[in-house]
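A.B. asks:
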Amino acid sequence: MTSENLALKRTVRDQETEVRSLADKLAAARENNRFADRRIAEPQLGQGNKVGQHSANGEP
């Protein structure tokens with residue numbers, strides 16, 4: 001193989017690694033969005049007070 005071919009193979013390997021890394025980051029970001037969507041959609045029992053209610057110690 002020529003040195004040019006070896007250099008191209010190295011470049012392809014580097015780009016494949018970068019693509020895998022970006023795909024992993026995208027998958028993690030999508031999972032974070034799904035988690036956030038579920039947290040927003042579910043009522044948060046015992047988490048803070050509703051508007052107009054006050055806690056036992058008088059704080060809003």
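To convert, note that position 49 of the sequence shown is 49 in the working numbering; the numbers rise steadily by one, no gaps.
All C-beta atoms in this analysis are idealised placements derived from N, C-alpha and C, irrespective of residue type, glycine included.
#1: Can you tell me where the alpha helix (DSSP H) holding residue 16 begins and where it ends?
#2: From residue 10 to residue 24, what does the alpha carbon distance come to, in whole angstroms?
#3: If you draw a straight line from the C-alpha of residue 20 to the C-alpha of residue 42, how long is it?
C.D. replies: From the atom records:
#1: 3-41
#2: 21 Å
#3: 33 Å
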